[in-house]
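S.K.: I have a structure I would like to understand better, so I am pasting it below and will then ask my questions one at a time.
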Amino acid sequence: MKKTELAPLIDRRLSGIRFEREEAVIQGLRREGARTPARRFRLVPALALILALLLAGTALALGLSLSARMNARQLAVEALGQSFGLSEETIGLFEVNIKKDGADWLVRLTPKNTYPAEVGEYEVSIRNNAVADTRWSLEGSAEYNPDKGLASPVWGQEQLLAYKQAVQNYYDKMSRVDWSKSEQWDLQERARVDQMTRSDQPLVDEILAGDAHAVPGQDDLQPEEAWDRAARALAARYGLPLEYISGMARGYQSFMESREDKSRWYAMTFEAAGKNDGEAGQESFYILLSSPQGEVLKAAWFQPDDSKRALPAGSLIGLRDAVEEYMNTQAFPRLTAARKADAAQRMTAAGFGDLLDGAVYLTPGPGQAAEAAALQKARAVLQDAFQVKGESLSMFVQDFSLQEVDGAALWVLRLTPEHEYQTFIGPTSLIGDYEIRLNEAADEAVLTRWSFSGVDEGTYTRSDWGRAKAYAGYILPWLKELKDKADAVKAAAQDEYFLTVAEAAQHDQLFRDAGFSVERYGAGTPRKDDISEDKAISLALETLRVTYGREAVDKEPFELIWPSYLLRAGAQPFETEQPFWMLSFHGGSGIYVVALDAKSGQILYMNYDPAASGNG
Amino acid sequence: MRETAAAIEALARRLMAEHGDFVTRLCFLYLGDEMEAQDAAQESFLKAMKAFPSFRNESSERTWLARIAINTCKDSLRSPWRKRVDGEQALLNLKDPGEGPEAFDDTVIKAIMSLPAKYKDVILLFYYQNLLLRDIARALALPLPTVSSRLIRARNKLSKQLKGWFFNEED
């Protein structure tokens, strides 16, 4: 799955959802004295527990050093154990937030996930290096009934442990399935595995849409017939020759049954032969066919290369699905002005003019500038007005057309960033859109517009443009250069998602050299007097052994997922001004993370995500 | 003072205009109910405006709003008064924006809505909101390695559910 595939799918599905509460927010802001949310906790009498630094003492004896924050955490864990029976194992089901208030600490545990019962929240106040107060938001709840086991509406330590074990059992069972061959499974095998892995799902909360894999019965559409019907249906839907579909490789076939209404259907894919074409992906069709009727429930055509996607030849009447899919790609904007006008005419003739969003496309003719000349002129205007030129143009989808606007024929050039550039730096594109309009003779610009005009009037250089709030035309070559270099680092990396320490340092240095902050791009290279990566790993493992027991670390498959060396804490849930190692391990029962000061090896942070918190 | 209030209102209107739909859709994906999503989005913007003085521009506004919205939704999900919503049913309840019958496929969205919350977090922020892993870590206040491992596990879960459908070996 690629980023470019999911966002349009969701946006299309959720396009009907618009924010409707603007005025309510404004009214809320106008109400003076916004209420401070009441504390959720019923305060119980302070326990005034004075606990020695038990774990810290053990850690020190083993040569481990804990930060003050980690000491506070360990004090809180001890206190929660004494007050409510919690242990490190079940604490992993909660986010542990540690807040410093002067010399005091507040440790708060909030659920990491939604669980099948109420688990509440826990708080521990630490004053003068001693536990002053422990609280559980559900303490004294009449619904807390340990005798009911997991059926109790409120869960304490025993239920949490039982739940954690049950979920672990489920994941153990899942891990015994050889998923690598799932694509080759026949329908019987799919149904068998589905049935087996579903038996525990009500507890694990992983039910997928209530549908189950099934085996076709005698009255159902049979698998081979389903393939044939699917090919014919796709050819008709997209106006393609049957040979085009049937010549593709058969991909995946499953047979599903709705648990709700028992309706049944096939899901199938047809895929272009050969391997994926790099980032561009692979052309494929998918289709859902009802059984036994063989009616098309859904279908889609993935064509990652817009230039290869075209409207069906001939009349478009009856092909609305294909036309609508086409218009939801970038294929139409990439057409020449003349071909746009032709496509628009065909769509209008078939009754699909509404898909043109009100635009009236004209065919260039006598009295109007030739299209190529008009485009050249529009680009020259763009360059003069906004310094967008040369290779920077390749960063945009260029939509050029002749349109009727307010009764006049105008040449319109619109530039929107290609998706890869739009999302390269962050979720909000700082590149913006451009629009140039020329009169029909293409000798006069009637509109020049950049959507980010006035957003940032500063002047930046190659080494500080990362601070800009909008990337003006002169910045675009630097942006492209940065992306090319960053892509090259990732392309050369062993794993795009888990860059090694050296690869991550190289990657982030590129961004820092362009003016981006070290808090955001913080991967660096260890200094000479820092502890080595091996030493950091060794200390981290020892910390985990002390905390979770030797069995957790030494007796189950336990592997280092990702070592990282960071110069600043940035958004980390702990504070340090110094570089630190952050090490993630995967054990059979979850993910463990330890952060250590890079020079002293002091433990700054530790976290455990058991499978039952969602990290299966 | 009046000028300050006016400036805050103007800022709020801009944020809502630019990010209102995004925040509401994000809330819907968490809560599975359109009205609850509107409520959560409204609350998110009010929280955001109260907290805006502490917004230090270390992340984009969108990342910052996403973080507030996610926390708001999680609080809502923990509420004992909240009924459990079936993700698929929530999708079916939505008005179909397309004119043609079954204009598109919901398989992926259903699969994502069925994920445990912490996987849903990273998948939506990575694939839908297009955040960098570091920005996701910032938005969720999680260590970067945790975010990465969750993303990989989430992808693995989805790939099992969508094998040969939306996932290819090379993806």
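Protein chains in written order, with numbering that gives the first Met the number 0: chain A, 0 to 615; chain B, 0 to 170. Glycine included, every Cβ here is placed at the ideal spot set by N, Cα and C.
What number of angstroms, rounded off, separates the C-alpha of residue 256/A from the C-alpha of residue 229/A?
M.R.: Rounded to the nearest angstrom, the two C-alpha atoms are 18 angstroms apart.
S.K.: Is DSSP giving residue 18/A helix, strand or coil here?
M.R.: Reduced to three states, the DSSP call for residue 18/A is coil.
S.K.: Select from the stretch 499-520 of chain A all residues with a C-beta closer than 8 angstroms to any C-beta belonging to chain B, and list them in chain order.
M.R.: Those residues of the stretch 499-520 of chain A that come within reach of chain B (Cβ to Cβ, closer than 8 angstroms) are 516, 518, 519 and 520.
S.K.: Is residue 579/A helix, strand or coil by DSSP?
M.R.: Strand at residue 579/A.
S.K.: Can you find at least 3 beta carbon pairs, one from the stretch 79-88 of chain A and one from the stretch 117-136 of chain A, that sit closer than 8 angstroms?
M.R.: As far as the Cβ criterion goes, the stretch 79-88 of chain A touches the stretch 117-136 of chain A, which means the pair count is three or higher.
S.K.: Name, please, each residue of chain A whose Cβ falls closer than 9 angstroms to the Cβ of residue 145/B.
M.R.: The contacting residues are 583, 590, 592, 606, 608 and 614.
S.K.: Buried or exposed, going by whether 16 or more other CB atoms sit within 10 Å of the CB of residue 261/A?
M.R.: Label assigned to residue 261/A: exposed.
S.K.: When the cut-off is 8 angstroms and only beta carbons count, does residue 103/B lie next to chain A?
M.R.: Below a pLDDT of 50, predicted positions are generally treated as unreliable, and residue 103/B, at 45, falls in that range; no measurement from the model is reported.
S.K.: Indicate the three-state DSSP secondary structure (helix, strand or coil) for residue 467/A in the structure shown.
M.R.: DSSP places residue 467/A in coil when its eight states are reduced to three.
S.K.: Going along chain B in order, which residues have a C-beta closer than 8 angstroms to the C-beta of residue 17/A?
M.R.: 19, 20 and 23, listed in chain order.
S.K.: What residues in the stretch 539-563 of chain A have a beta carbon less than 7 angstroms from any beta carbon of chain B?
M.R.: Listed by position along the chain: 560, 561 and 563.
S.K.: Nearest by alpha-carbon distance to residue 288/A: which of 342/A, 94/A, 227/A and 337/A is it?
M.R.: Checked all of 342/A, 94/A, 227/A and 337/A; the closest Cα to residue 288/A is 227/A.
S.K.: What is the residue span of the alpha helix (DSSP H) that residue 475/A lies within?
M.R.: It spans 475-491 - the alpha helix (DSSP H) in which residue 475/A sits, taken as one unbroken run.
S.K.: Among 69/A, 323/A, 119/A and 441/A, which one has its Cα closest to the Cα of residue 92/A?
M.R.: For residue 92/A, the nearest C-alpha among the options comes from 119/A.
S.K.: Would a C-beta distance cut-off of 8 angstroms place residue 165/A and residue 193/A closer than the cut-off?
M.R.: No, the Cβ-Cβ distance between residue 165/A and residue 193/A is not below 8 angstroms.
S.K.: Using 10 angstroms around the beta-carbon of residue 562/A, count the other beta-carbons present and answer buried if the total reaches 16, otherwise exposed.
M.R.: Buried, since its Cβ has 16 or more Cβ neighbours within 10 Å.
S.K.: Provide the residue span of the beta strand (DSSP E) that contains residue 589/A, from first to last.
M.R.: Residues 589-596.
S.K.: Could you check the C-alpha separation between residue 450/A and residue 431/A for me, to the nearest Å?
M.R.: If you take the alpha carbons of residue 450/A and residue 431/A, they lie about 5 angstroms apart.
S.K.: Mind listing the chain B neighbours of residue 20/A? Cutoff is C-beta to C-beta under 7 angstroms, in chain order.
M.R.: Those within 7 angstroms of residue 20/A in chain B are 37, 40 and 41.
S.K.: For chain B, find out if any of its Cβ atoms is closer than 8 angstroms to the Cβ of residue 27/A; answer yes or no.
M.R.: Answer yes: the Cβ-Cβ gap between residue 27/A and chain B drops below 8 angstroms somewhere.
S.K.: Nearest to residue 558/A by alpha carbon, out of 531/A, 126/A and 539/A?
M.R.: Of the candidates 531/A, 126/A and 539/A, the one whose C-alpha sits nearest the C-alpha of residue 558/A is 539/A.
S.K.: How many angstroms separate the CA atom of residue 155/B from the CA atom of residue 110/B?
M.R.: Roughly 12 angstroms between the two C-alpha positions.
S.K.: According to the neighbour-count rule (16 or more other Cβ atoms, all chains shown, within 10 Å of its Cβ), is residue 334/A buried or exposed?
M.R.: Looking at its Cβ environment, which holds 16 or more other Cβ atoms inside 10 Å, residue 334/A is buried.
S.K.: Tell me residue 287/A's beta-bridge partners as DSSP assigns them.
M.R.: Partner(s): 266/A and 297/A.
S.K.: Using only the alpha-carbon positions, how far apart do residue 440/A and residue 361/A sit?
M.R.: About 14 angstroms.
S.K.: Please determine, among 304/A, 374/A and 505/A, the residue with the shortest C-alpha to C-alpha distance to residue 337/A.
M.R.: When each option's Cα is compared against that of residue 337/A, the closest is 374/A.
S.K.: Is the shortest distance between the beta-carbon of residue 45/B and the beta-carbons of chain A less than 8 angstroms?
M.R.: By this cut-off, residue 45/B is an interface position.
S.K.: Run the CB neighbour count on residue 519/A, radius 10 Å, all protein chains shown included, and call it buried at 16 or more, exposed below.
M.R.: It is buried - the Cβ of residue 519/A has at least 16 other Cβ atoms within 10 Å.
S.K.: Do residue 263/A and residue 213/A have their C-beta atoms within less than 8 angstroms of each other?
M.R.: Cβ atoms of residue 263/A and residue 213/A: closer than 8 angstroms.
S.K.: For a test of the three-state rule: what should DSSP assign to residue 211/A, helix, strand or coil?
M.R.: Correct three-state label for residue 211/A: strand.
S.K.: How would you list, in chain order, the residues of chain B whose beta-carbon sits under 7 angstroms from the beta-carbon of residue 23/A?
M.R.: Here the neighbours are 41.
S.K.: Which of the three DSSP states, helix, strand or coil, is assigned to residue 63/B?
M.R.: Reduced to three states, the DSSP call for residue 63/B is helix.
S.K.: Taking 8 angstroms as the limit between beta carbons, can you name the residues of its chain near residue 603/A, skipping five residues before and five after?
M.R.: 66, 68, 69, 573, 575, 579, 594, 595 and 596.
S.K.: If we ignore side chains and look at the alpha-carbon of each, how far apart do residue 531/A and residue 560/A end up?
M.R.: Cα-Cα distance, rounded: 17 angstroms.
S.K.: Within 10 angstroms of the Cβ of residue 41/B, are there 16 or more other Cβ atoms? Answer buried if so, exposed if not.
M.R.: Classification for residue 41/B: buried.
S.K.: So with Cβ pairs under 8 angstroms, would you call residue 111/A a contact of chain B?
M.R.: By this cut-off, residue 111/A is an interface position.
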